[in-house]
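In UniProt numbering, the protein residues as written are 1 to 268.
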Amino acid sequence: MPDLLRKPFGTHGKVHEITPQSAGWRHVGFSLYRLRAGETAAEATGSREVILVMVEGKAAIRGAGRDWGVLGERMDVFEKTPPHCLYLPNGTEWDATAETDCVLAVCSAPGKGGHSARAIGPGGITLTERGKGTNTRHINNIAMEHEDYADSLLVTEVFTPAGHWSSYPSHRHDEDDYPRITYLEETYYHRLNPASGFGVQRVYTDDGALDETMAVADGDVVLVPRGHHPCGAPYGFEMYYLNVMAGPLRKWRFVPAPEVAWIMDRDG
């Protein structure tokens, strides 16, 4: 099993590059660029579809033979405003030139040519509260299954207040048995506020064959190949994460961990 905690390998340019091969799975890819104003990133999608997410800052983006103009508005992800994103199908190319210092996420999965290039957000993305008590968090759904924007990709942002839990009650989506459960690989790109802080993420299976608890720093990525995967934000540190999921079926169905199923039943 490859290491589940991936540290950025730099502070500038491409700082993350997670491929199915490097992750030891079949579907999800995730890359991240940190660009200075005037710098450019460019890629071909090949056999994969892509959703570009402007995490912070602004960039002029061209893709799939079209000029999409300057995308991006929030300069700090913890403003919590809806992100500017761009869907690009397989068999296309894109390039982005930073208008300001910016952070650009590249979320990818196998493409089937079933969807056309399109801008996603900020219109149509609304910050939504989920959970109760110290399990309350806030969601910006970018491309979940109710948004028919992609062939395989499911992408969302989550803001977890300091002292709260997220991706909780613990749940898994690691079997291809729809409608009971779907198989979805997943990455978490974490940010912390203040950036000097830390969060906690556990990835574990019911049989204990996989059980890793990680302290995540600002900018880290966690891989979830299988099992349950709750996160905790310590008192004093707000947590953000960008989720990318994909599998054989573009639906999110999960099963709670036995020890916390009663919480899910109680809270609805």
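Built from N, CA and C at the ideal position, the CB exists for glycine as well.
{"Item": "Just list the beta strand (DSSP E) runs in the segment 98–152, keeping only unbroken ones of 3 residues or longer that don't cross its boundaries, in chain order.", "Value": "102–110, 118–120, 128–130 and 137–143"}
{"Item": "Which complete beta strand (DSSP E) runs does the segment 191–262 hold, if anything under 3 residues is left out?", "Value": "198–204, 211–217, 221–224 and 238–246"}
{"Item": "Quick one: any contact between the segment 56–72 and the segment 138–146, if contact means 3 or more CB pairs under 8 Å?", "Value": "no"}
{"Item": "Bridge partners for residue 87 per DSSP, in chain order?", "Value": "51 and 118"}
{"Item": "Would you mind working out which of 169, 179 and 175 sits nearest residue 261, comparing C-alpha positions?", "Value": "169"}
{"Item": "For residue 76, which residues from the same chain have a beta carbon less than 8 Å from its beta carbon, with the 5 sequence-adjacent residues on both sides left out?", "Value": "56"}
{"Item": "Out of 217, 181 and 180, which one is the CA nearest neighbour of residue 198?", "Value": "217"}
{"Item": "Measuring CA to CA, which of 146, 226 and 220 is closest to residue 211?", "Value": "226"}
{"Item": "Consider the Cβ of residue 41: report whether some Cβ of chain D lies at a distance smaller than 8 Å.", "Value": "Of the chains in the structure shown, none is chain D; there is only one protein chain."}
{"Item": "Would you call the segment 87–96 in contact with the segment 39–46, where contact means no fewer than 3 C-beta pairs closer than 8 Å?", "Value": "yes"}
{"Item": "Sort 38, 256 and 244 by Cα distance to residue 223 and report the nearest one.", "Value": "244"}
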